[in-house]
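Undergrad: In my numbering, the protein residues as written are 4 to 371.
Once you've had a glance at the structure underneath, I'll fire off some questions.
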């Protein structure tokens, strides 16, 4: 029988971890990444969730959400999610408040599974035993040898059959280098590995179409955010003109966003980020929205948080094995995944999401 002891505590803390080298995509550069970690306690168990967001997200957890959850039934996750979502209306659902909501929702689902003593994907209802991934990184700041080393590691050492690099350097002002790096990637990975590119919205509409045409010899099969994800008409236009699948959706914070994107015919595959869109509760709903439009869904970043939810949906394409987040999650959690073979395999015997925070290891990176 499940222990229905009420939630006794909700905490949040922010940790800023330097990158292993400078990173950039088409529109942004960074040298550190901040994880906001939320934990919910009940019945002698602790559920853990997190988001990648500014430290202000931790203040939303402790200042708005914690009182709504404390003292409540930890198994009533959908109801608690609805209460939290309503409470952040004036704080603004898209952005920091949405990230905070997502972290607490994930922690609640992890807690519920631990209270029941079951693996999270079994609690959600497993649709598969393994989850496919693609290697993701290839930052525009990487020099030739860095890019080659990363791609070789994924393809030759870990046997990941699909990889992605960043293009659109400096808001699309270096297309010659973009094309050179695409061809370098194809040369390094060979003909049998799927090649993806991500412009992070850096191009204009016709510019993106020209880049896709000029890169045709490299057989790119996935073109992520060729233009801004808010430009649904542009995404739809590009879809009609290019051979690769067009993908977007990582900046969605609520269900109407994803419905508008799907209804506009903007994507071939819908992306959603579980640490932004409302946690597990809403990520599963986003997958249903995609299914209603005959689309697959791909999990954006934070692969260790997506894996169990991804194993619970039938219309999954894959998850992003994003270098920056993988580096953090493998460093600070016991139970992290091994990506060899290009799949993740959620442990059916480990309660919750199977991850245990290495608190002493991450403590030095905590920010006030």
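Where a beta carbon is used, it is the ideal one built from N, C-alpha and C, also for glycine.
On a predicted model such as this, the values are computed, not experimentally measured, just so you know.
(1) Tell me the residue span of the beta strand (DSSP E) that contains residue 260.
(2) Is it right to say residue 89 is buried, meaning 16 or more other beta carbons lie within 10 angstroms of its own, or is it exposed?
(3) Indicate whether residue 80 and residue 44 have their beta-carbon atoms separated by less than 8 Å.
(4) Using 10 angstroms around the beta-carbon of residue 351, count the other beta-carbons present and answer buried if the total reaches 16, otherwise exposed.
(5) Taking 7 Å as the limit between beta carbons, can you name the residues of its chain near residue 310, skipping five residues before and five after?
(6) Contact criterion: CB-CB distance below 8 Å. Does residue 79 meet it with respect to chain C?
(7) Below 8 Å CB to CB, which residues in the same chain sit around residue 210 once its five sequence neighbours on both sides are set aside?
(8) Quick one: grab the DSSP three-state call for residue 317.
(9) Quick check on the burial criterion: 16 or more other C-beta atoms within 10 angstroms. Buried or exposed for residue 160?
(10) Thinking just about the alpha-carbon of each residue, which of 93, 59, 112, 368 is nearest to the one in residue 72?
(11) Report the residue ranges of all alpha helix (DSSP H) runs contained in full by the region 146-226; include only those spanning at least 4 residues, in chain order.
(12) Thinking C-alpha only, which one of 116, 291, 205 is nearest residue 262?
(13) So, helix, strand or coil for residue 130, using DSSP?
(14) Select from 243, 138, 99 the residue whose C-alpha is nearest the C-alpha of residue 327.
TA: With the given structure in hand:
(1) Annotation for residue 260: no beta strand (DSSP E) segment contains it, though the alpha helix (DSSP H) segment containing it runs 258-266.
(2) Counting the other CB atoms within 10 Å of its CB gives residue 89 a total below 16, which places it among the exposed residues.
(3) Against a cut-off of 8 Å, the Cβ pair of residue 44 and residue 80 comes out as no contact.
(4) exposed
(5) 134, 322, 340, 347, 349
(6) Checking the listed chains, one finds no chain C in this structure; it contains a single protein chain.
(7) 175, 178
(8) coil
(9) exposed
(10) 112
(11) 147-155, 172-175, 178-192, 208-217
(12) 291
(13) coil
(14) For the residues 243, 138, 99, the minimum Cα distance to residue 327 belongs to 138.
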